[in-house]
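In the working numbering, the protein residues as written are 864 to 925.
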């Protein structure tokens, strides 16, 4: 039986490892949504939930 690879999640302030489309997962105030982020920048904080937002890579764009 093959084990599933766990998704890596990132937090605001961490360096973005790959340019791509990331899913932003918020706390309570809104649904998850996709954002385009650039490599070597920092994951942003949310204006509403601050550093409680997290990010998962959906599609690597190079």
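For every residue, glycine included, the Cβ atom is placed at its ideal position computed from N, Cα and C.
Given the structure is predicted, the values throughout are model-derived calculations rather than measurements.
message: Using CA atoms only, rank isn't needed, just tell me which of 923, 906, 922 is closest to residue 915.
response: 906
query: Which class does residue 939 belong to by DSSP, given the choice of helix, strand or coil?
result: The requested residue 939 is not part of the displayed model; the chain covers only 864 to 925.
task: Can you have a look at residue 917 and say buried or exposed, based on whether 16 or more other CB atoms are within 10 angstroms of its CB?
output: buried
field: Cβ pair residue 887, residue 924 closer than 7 angstroms
entry: no
query: Relative to the alpha-carbon of residue 879, which residue among 902, 913, 871 has its alpha-carbon at the smallest distance?
result: 902
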